[in-house]
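Written out below as structure tokens is the structure these notes cover.
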Amino acid sequence: MCRINLDNQKPGSCQNKPACLSACKKRVEGSAIQEINARCSIGKKCACYAPCPK
Numbered sequence: 015m016c017r018i019n020l021d022n023q024k025p026g027s028c029q030n031k032p033a034c035l036s037a038c039k040k041r042v043e044g045s046a047i048q049e050i051n052a053r054c055s056i057g058k059k060c061a062c063y064a065p066c067p068k
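Letter by letter, the sequence shown follows residues 15 to 68 in the numbering used here.
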């Protein structure tokens, strides 16, 4: 899995997981990425992970 960084992430932004996932989906909108996961990274920031391009 490759990490996709979200811009303007504030510490604690991952406390709302559905909002985090929604931000991740918005980030890859219009690209070929179909599957994306949201996880919490250091500082409880929202992080997105998707399968790496081949």
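Positions of the beta carbon are idealized from the N, C-alpha and C atoms, including for glycine. The structure presented is a predicted model; accordingly, all values stated were derived computationally and were not measured.
Between the C-alpha atoms of Ile56 and Ile50 there is a straight-line separation of about 19 angstroms. Cys60 is bridged by DSSP to Cys54. Minimum Cα-Cα distance from Lys39 among the listed residues Lys68, Cys60 and Pro67 corresponds to Cys60. Note on the stretch 23-49: whole alpha helix (DSSP H) runs with a minimum of 4 residues are 31-41, in chain order. Counting C-beta atoms within 10 angstroms of its own C-beta, Ala64 has 16 or more neighbours from the protein chains shown and is therefore classed as buried.
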